[in-house]
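Counting from 4, one number per residue, gives the positions in the sequence shown under this note's numbering.
Just so you know, even glycine gets a beta-carbon here, dropped at the ideal spot from N, CA and C.
Keep in mind that this is a model prediction, so the values were computed, not measured.
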Amino acid sequence: MEALLPIIVQAVTGVLGGEAIGSVVKKAAMGHGAKILSGIIGGVGGGALLSSMGGDAGALGGLLGDAVGGAVGGGVLTGIVGAVMGAMNKS
4 MEALLPIIVQ
14 AVTGVLGGEA
24 IGSVVKKAAM
34 GHGAKILSGI
44 IGGVGGGALL
54 SSMGGDAGAL
64 GGLLGDAVGG
74 AVGGGVLTGI
84 VGAVMGAMNK
94 S
């Protein structure tokens, strides 16, 4: 359970970050499922990236670092996916 908790935190905060970006960027033509999926993938990836860059040693260690990395990663990936899907719909 100790190894699973950071992944759960990253996935949940990734969904929250993805939903936040998805609601701000209205022109991104994405469905709710796409926002959730990209948020989870971006959240886990962003949290893993932050912890691999030495996030455990500084102020963003532990669950706080997982939450921040998850929210940022989920938001960034959702923004990228939304921009790509919006560009594909214009063509």
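Please say whether residue j and residue i have beta carbons closer to each other than 9 Å?
i: V18; j: G72; result: no
i: Q13; j: G65; result: no
How long is the line joining the alpha carbons of residue i and residue j, rounded to whole angstroms?
i: G85; j: P9; result: 26 Å
i: D69; j: M91; result: 32 Å
i: G45; j: A37; result: 12 Å
i: E5; j: M88; result: 37 Å
i: V47; j: S54; result: 11 Å
i: G20; j: K93; result: 25 Å
i: A74; j: I11; result: 12 Å
i: G34; j: L67; result: 29 Å
i: L52; j: I43; result: 14 Å
When every heavy atom of the ligand ATP is checked, does at least one fall within less than 8 Å of the C-beta of residue i?
i: N92; result: The model depicted lacks the ligand ATP and carries no ligand whatsoever.
Does the stretch 22-41 come close enough to the stretch 76-86 to have 3 or more Cβ pairs within less than 8 Å? By the Cβ criterion, the stretch 22-41 is in contact with the stretch 76-86, since at least three pairs of Cβ atoms, one from each stretch, lie closer than 8 Å.
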